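Have a look at the structure below before the remarks.
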Amino acid sequence: MPKPSPKLEWCIVRLGDDMNWWVAEISDSVRWDVDGLSIIDPRQLAHILDLLDPLREYGFQADIFETAFIPFVIKETLPGNKVKLIRAHESLLESEEKLFALPDQVDEEKGPYADLLDHVTKLRVKFLNDAIDFDKHLTVDDLEEEIREDHHNAFLEGRALHAFQEIIDILEYVPAGFEVDEEAEETLDPAAKKKGEEDAAEDIPEVEDENIEEDETMKWDDEDDKDKDKEETEGGEPPPSDEKIEDLDALDDEEDEDDDDEEEDEDDDDDEEDEDGNRKKSKSSAKRPPAKKSGKKK
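For the sequence shown, position 255 matches number 966 in my numbering, and the numbering has no gaps at all.
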């Protein structure tokens, strides 16, 4: 379907209290009604593109997305939280510019924007049926019925539905009582899962083996040995140095006792027996002074 009239060259948007952008004035006022006309800002556009990534494996068509919006770029800022936008002739999916996206909803029921909503709704249903083990397959009618009820409540409350919220309600929809988590990836389409694993493997760089020089943070064995010695000392056992000191003291005492025994034996040898069989002291033993006991004071 061709784009709207070329008269649509600029628009003035305002920042609402809900922090969304709404169209205040437009160059083609004949075909476009600005009452409740919303526009998606660059931040919201980036979020939508992220949510569309999982649907690429289920047949997402980029041309349907491109034709559903009219791109705009900032021309100048105006007083009263307003910005003037001018028409941009760039791709919303490929441009590096910060673009605003105006939904092409001149014909709300059959226009390009309506086609996009139908397209992403079908893809979201396929994704959920693969990601969640339902007792009964989810259908497009199930999704639309629940979302339509929320939108109807917003209408009754007098709240205009922003295009960003309308798309997010589809792309983030999960039936009540269910959730999509990492474990659910095991139930996805095997071909899509295999491709995802191959892509992830390519992102992992190869690491070559090399000799790593040790530093102080890598000396685990030395620290373990020190901790072990510390535990033994704190456990009440005397350190090896104390044992050596006690052994040396005991050895000194034994040597002193051996010296005393040798001196007593020498005294006995000096005593001689007389003719009557009685022992008598020799002159050398009688003159010898008594042996002094040596020992280490404790």
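Glycine included, each C-beta is placed from N, C-alpha and C at the ideal position.
Note that the structure is a prediction, hence the values are computed from the model and not measured.
The Cβ atoms of L849 and Y884 lie no closer than 7 angstroms to each other. Counting along the chain, V741 sits inside no alpha helix (DSSP H), nor does DSSP assign it H or E at all. At the C-beta level, F780 and A812 come within 7 angstroms of one another. DSSP lists no bridge partner for L849. When DSSP states are grouped into helix, strand and coil, A887 belongs to the coil group. The alpha carbon of V831 has as its nearest neighbour, out of P782, G770 and I723, the alpha carbon of G770.
Around the beta carbon of D829, fewer than 16 other beta carbons sit within 10 angstroms, so the residue counts as exposed.
Assignment of V794 by DSSP, reduced to helix, strand and coil, places it in the strand class.
In the three-state DSSP reduction, F811 falls in the strand class (E or B).
The C-beta separation of F776 from L827 comes to about 6 angstroms, placing the pair in contact by the 8 angstroms criterion. In this structure, L766 and F783 do not form a Cβ contact; the two beta carbons are roughly 25 angstroms apart against a cut-off of 8 angstroms.
Proximity of the region 871-884 to the region 740-751 meets the contact definition, three or more beta-carbon pairs being nearer than 8 angstroms. One thing to note: L810 has its Cβ no nearer than 7 angstroms to the Cβ of A825.
Relative to P886, the option among G869, N864 and I843 whose CA is nearest is I843. W733 places its beta carbon less than 7 angstroms from that of R725. Within the DSSP bridge table, the entry for I723 names E736 and K795 as partners. The shortest CA-to-CA distance from A773 to any of G869, L804 and D880 is the one to L804. The C-beta of L760 has fewer than 16 other C-beta atoms within 10 Å across all chains shown, which makes the residue exposed. DSSP, reduced to helix, strand and coil, places E819 outside both helices and strands of the structure shown, so it counts as coil. Shortest Cα-Cα distance from L756 to any of E808, G791 and I737 involves E808. Following the DSSP letters along the chain, one finds P782 inside the beta strand (DSSP E) bounded by residues F780 to L789.
The alpha-carbon separation between I785 and W721 amounts to approximately 10 angstroms.
Counting along the chain, P753 sits inside the alpha helix (DSSP H) bounded by residues P753 to L763.
For A874, the enclosing alpha helix (DSSP H) covers residues A874 to L882.
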